[in-house]
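Quick notes on the structure that follows.
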Amino acid sequence: MSRKIRYGMVGGGRGAFIGGVHRIAANIDGQIELVCGAFSSDPQKSKDSGSDFFLPADRCYGSFEEMIQKEAALPEGERMDFVSIVTPNHMHFPPAKAALEAGFHVLSDKPATLTLEEAKALAEIVKKSGRLYGLTHNYTGYPMVKQAREMVHDGKLGKIRKVVVEYPQGWLATRIEASGQKQAEWRTDPKRSGAAGCIGDIGTHAENLAEYITGLQIKELAADITSFVEGRALDDDGNVLLRFDNGAKGVLHASQISVGEENNLNIRVYGEKGGLEWHQREPNTLLLKWIDQPMQVYRTANGYLGKAALAAGRTPPAHPEGYLEAFANIYRNFAAHIRAELEGTTPDPLVLDYPKIEDGVRGMAFIEAVVGSSQNNAAWTSINA
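For any residue, its number in my numbering is found by taking its place in the sequence shown, counting from 1, and adding 46.
The following block contains the structure:
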């Protein structure tokens, strides 16, 4: 195949934050091109946004329904290959369903859907369609996260005993949604965000990171979530005890009212032989701790790393890589998988390393369990994925 993988975007028009992140990530490796979009629920804003990206006027659609219908009618050599969904949560399921049923692959922002019921329905649609579905849990794209995963998988730490994962932010410490702040408005609105606020927005990243690195699944949890800011409809802080399927125990803390914190996602994993520690603020460093040896410092792009970590890096050691590059790794792998499908070839196993619909279902089951547990005085609650 001597062309780029083509995609259309739903959402992400003028004034949107995450749409720009997705477009940068898709473009980094030169393998993907934006060819069309329905960038807003406002048809004129959608068309205006498309002109910002120098797209032809006839490929800037007034709705996702129109985009999918008209793209499906184009010759195979012109139409988009996949749909990127970058809308608020309540608009993840409808375009994903429509795109899959029309024969297009889907890469969606997280969480996968508004409810667990929708997520399970979407999993059936993915299976029936035979199309690919990816989810942008972008923190799994960091090289040192992949290194941590490989070391746990290879048994370097021994049997995992404890996991501590945290995602504190402070940007919602006051009720900024009342001032018209767009990102805060929809994230604190149950109709657009879903049953959870903080837990759905960033708690799912922490849950996904813990399961990705350890290869374990959370079996049950006890959660206490709170809306500290007066008048806020959804939680802005959560504290969760975890029980994993191998007997390991864990603690998950997610907060958006931790004053002064930025995006301080971090994780510590402890096994019988050793432990590891990774911080999103210093993403190119992985700390390894041992019972009878000094602490080791692993760094990106060095030859001692595993294949997945090396493949995820783009620059020589000490050249900073971060959020955008990790995001781009999700896009690169997803596009490479699509290319293999189009060419009828077997993809490299490293290409298959991106979050899929199963991760989306688990994320929604995690949200439902957390909310249910907290409503029941932090009772232990099973994850129904």
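Yeah, the Cβ is synthetic: ideal placement off N, Cα and C, and Gly gets one too.
A quick note: this is a predicted structure, and the numbers were derived from the prediction, not measured.
8 Å contact criterion, which residue i and residue j should meet: CB distance rounded
i      : j      : result
Ser37  : Phe85  : Because residue 37 is not part of the residues shown, which for the chain are 47 to 431, the question remains open.
Ile74  : Leu370 : 7 Å
Ala268 : Leu287 : 4 Å
Phe373 : Thr250 : Contact doesn't hold; Cβ gap of about 16 Å is too wide.
Met126 : Gly61  : The pair is not a contact, with the Cβ atoms about 23 Å apart (cut-off 8 Å).
Val132 : Gly65  : 5 Å
Buried/exposed call for residue i, threshold 16 Cβ in 10 Å
i      : result
Asp98  : exposed
Leu178 : buried
Gln215 : buried
Leu388 : exposed
Lys319 : exposed
Gln193 : buried
Gly201 : exposed
Leu398 : exposed
Asn375 : buried
Tyr350 : exposed
Lys93  : buried
Ser225 : exposed
Pro363 : exposed
Lys205 : exposed
Phe63  : exposed
Candidates the options, of which the one nearest residue i by Cα
i      : options                        : result
Arg327 : Tyr185, Glu163, Val129         : Tyr185
Gly59  : Ile78, Met47, Asp75, Phe100    : Phe100
Ser130 : Ile51, Glu163, Thr272, Glu196  : Ile51
Glu196 : Gly261, Pro363, Asp405         : Gly261
Lys166 : Ala241, Glu404, Val397         : Glu404
Thr331 : Gly321, Ile337, Gln342         : Gln342
Ser301 : Asp283, Glu308, Phe290         : Asp283
Ser273 : Glu253, Leu288, Ile245, Asn254 : Ile245
Ile259 : Ala224, Ala268, Tyr400, Ser225 : Tyr400
Asp338 : Gly321, Glu124, Pro363, Leu218 : Gly321
Thr220 : Ala230, Met137, Thr361, His199 : Ala230
His136 : Val198, Asp235, Gly187, Ala62  : Asp235
Val81  : Arg360, Pro140, Gly226, Ile114 : Ile114
Val209 : His325, Val152, Val67, Ala294  : Ala294
Ala311 : Val305, Gly296, Pro329, Ile303 : Inspection of the sequence shows that residue 311 is occupied by Leu rather than by Ala. It is Pro329 whose Cα lies nearest to the Cα of Leu311.
Leu203 : Asn285, Pro189, Glu323, Glu170 : Glu323
Val191 : Val275, Thr161, His325, Gly180 : His325
Ala425 : Met410, Glu124, Asn285         : Asn285
Ile313 : Gly296, Ser304, Val305         : Gly296
Asn292 : Gly317, Lys237, Arg278, Met410 : Gly317
Val305 : Glu414, Trp217, Lys143, Gly149 : Trp217
Range of the contiguous beta strand (DSSP E) that encloses residue i
i      : result
Gly23  : Nothing can be reported for residue 23, as the shown portion of the chain is limited to 47 through 431.
Met55  : 51-56
Ser154 : 151-154
Ile303 : Unbroken run through Ile303: none, as it is neither H nor E.
Pro214 : 206-214
Ala84  : 78-84
Tyr344 : 342-345
Glu266 : 264-272
N- and C-terminal bounds of the alpha helix (DSSP H) containing residue i
i      : result
Met197 : 189-199
Ala256 : 250-260
Trp232 : 228-233
His68  : 64-73
Val407 : 403-421
Gly96  : 89-98
Ser225 : Careful: Ser225 lies outside any alpha helix (DSSP H) and carries neither H nor E.
Leu356 : 353-358
Asn163 : According to the sequence as given, residue 163 is Glu; it is not Asn. Where Glu163 is concerned, the enclosing alpha helix (DSSP H) stretches over 162-175.
Span separating the alpha-carbon of residue i from that of residue j
i      : j      : result
Lys228 : Pro134 : 11 Å
Asp270 : Ala71  : 35 Å
Ala354 : Pro395 : 10 Å
Ser87  : Arg207 : 47 Å
Lys173 : Trp336 : 43 Å
Ile264 : Ala241 : 20 Å
Glu223 : Gly57  : 20 Å
Val211 : Arg49  : 41 Å
Glu164 : Phe139 : 7 Å
Leu168 : Gly409 : 13 Å
Chain E within 9 Å of residue i, Cβ atoms only
i      : result
Tyr369 : Within the model displayed, chain E is absent; a lone protein chain is all it includes.
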